[in-house]
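**Student:** Questions regarding the structure given below will be posed in turn.
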Amino acid sequence: MKLQKVFWWNGALAVAMLLVSATPPAYAQGGPSNSPAAAAVDKPYLVEWVYKVKWGYADEFWEIFKKYQIATLNREKALGYVTSYTVYRPGLHTGEDTRWEYRVVITYKNQASSSHGAEIEKELFPDRDTQKREENRRWQITEAHYDLPIHVIDPDGDGSE
């Protein structure tokens, strides 16, 4: 549990710093609509995926990840569900308690758009047995992972979205 809290703090802080400077003012102030419900539907939905891989397996992890996850994200982007994503790899090393190999920050068109991954995978990878076997291998060599929804806030506001 301590490891997850450290990951969350480092990831949230880094991503929040990046996103605050990159967020269009209309969304930082709650969106272009006056209705909170309408704003939530139209508002971009940000998620960070973080992976810590067993020592010596980062290349194998990346090949499997690229084959399935990156291909799925690319297809979601082509269909308009994902507006952008960025993959990060650290430039220096850290202590074991804060080490990570890959971070992916994804901007979905809205929260509903984030739920299409499974149907896209079925479309892209009809050989479900091979995909399952290879993805299971990726999880075998993963030491830690989390998905963190990120909420953009107005830095001059009250701390809420």
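Residue numbers for the sequence shown follow this note's numbering, so the first one is 909 and each next one is one higher.
Glycine is no exception: its CB is placed at the ideal position from the N, C-alpha and C atoms.
1. Helix, strand or coil for Pro-940, going by three-state DSSP, please let me know.
2. Measure the CB-CB distance between Arg-1011 and Trp-957 and report whether it falls below 8 Å.
3. List the DSSP bridge partners of Tyr-1054.
4. For Ile-1014, name the three-state secondary structure that DSSP assigns.
5. Looking only at its own chain, which residues have a Cβ that is under 6 Å from the Cβ of His-1053, when we skip the five neighbours before and after it?
6. Check the DSSP bridge columns for Thr-1038 and list the partner residues they point to.
7. Thr-1006: which of Val-961, Lys-975 and Glu-1027 sits nearest, CA to CA?
**Tutor:** With the structure as the only source:
1. Because the pLDDT of Pro-940 is 47, which lies under 50, any placement of that residue in the model is unreliable, and the number read from its coordinates should be weighed accordingly. Under the three-state reduction of DSSP output, Pro-940 falls in the coil class, being neither helix nor strand.
2. Taking a C-beta distance under 8 Å as the contact criterion, Arg-1011 and Trp-957 qualify as a contact pair.
3. Note: Tyr-1054 sits in a beta bridge opposite Val-958.
4. Ile-1014: strand per DSSP, three-state reduction.
5. Here His-1053 has Tyr-959 as same chain residues with Cβ atoms under 6 Å from its own Cβ, once five neighbours each way along the sequence are excluded.
6. Per DSSP, none; premise fails for Thr-1038.
7. If you compare the alpha carbons of Val-961, Lys-975 and Glu-1027 with that of Thr-1006, the shortest gap goes to Val-961.
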